[in-house]
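Have a look at the structure below, then the notes.
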Amino acid sequence: MNCFECATEHQATTPAVTVCSQCGAASCTRHTRVAHAHEEVEYSPGAPSETDLGRRMFCTTCAPGTTTAVVT
Ligand SMILES: [Zn+2]
Ligand SMILES: [Zn+2]
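This note's numbering puts the last residue of the sequence shown at 78; the count rises by one with no breaks.
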């Protein structure tokens, strides 16, 4: 599969390395953003109020503000 952003923006065929967890678009390293998903859990004494659901990959369109680029 090739990168969706490269194909639509630059008419280029770049091999994709991941699939966006939101929209399902394939993206290359330059168009991939990485973040950790968090879920609020019921507060109990001594326990964190958030749990880390693990890493999520996003395309540049779906990336939330807390994401970081995988390449610079
Ligand atoms: Zn790309
Ligand atoms: Zn997406």
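Every residue gets a Cβ at the ideal spot worked out from N, C-alpha and C, and that includes glycine.
Is GLY52 near ligand 2, with its Cβ less than 8 Å from a heavy atom?
Locating residue 52 in the sequence shown gives position 46, counting from the first residue. No - ligand 2 has no heavy atom lying nearer than 8 Å to the Cβ of GLY52.
Roughly how many angstroms lie between the CA atoms of CYS9 and PHE64, to the nearest whole one?
To locate residue 9, count along the sequence shown from 1; it is residue 3. To locate residue 64, count along the sequence shown from 1; it is residue 58. Rounded to the nearest angstrom, the two C-alpha atoms are 12 Å apart.
I think THR38 touches VAL76, with their Cβ atoms under 8 Å apart; what is that distance to the nearest whole Å?
Sequence index remark: in the sequence shown, residue 38 carries index 32 (1-based). Sequence index remark: in the sequence shown, residue 76 carries index 70 (1-based). Between THR38 and VAL76 a beta carbon distance of about 5 Å is seen, short of the 8 Å cut, so the two are scored as contacting.
Going by the beta-carbon positions, is the gap between ALA13 and THR24 smaller than 9 Å?
Sequence index remark: in the sequence shown, residue 13 carries index 7 (1-based). Sequence index remark: in the sequence shown, residue 24 carries index 18 (1-based). For the pair ALA13 and THR24, the CB atoms are not nearer than the 9 Å cut-off.
Just checking GLY30 against ligand 4 - is the residue's beta carbon closer than 8 Å to any of the ligand's heavy atoms?
Judged by which ligands are present, ligand 4 is missing from the structure shown, whose ligands are ligand 1 and ligand 2.
Do VAL26 and THR73 have their CB atoms nearer than 9 Å?
Mapped onto the sequence shown, residue 26 falls at position 20. Mapped onto the sequence shown, residue 73 falls at position 67. Correcting the residue type first, residue 26 is Cys in the shown sequence and not Val. Taking 9 Å as the Cβ cut-off, CYS26 and THR73 do not qualify as a contacting pair.
Taking only beta-carbon atoms, is THR67 less than 9 Å away from chain C?
Among the protein chains of the structure shown there is no chain C, as only one such chain exists.
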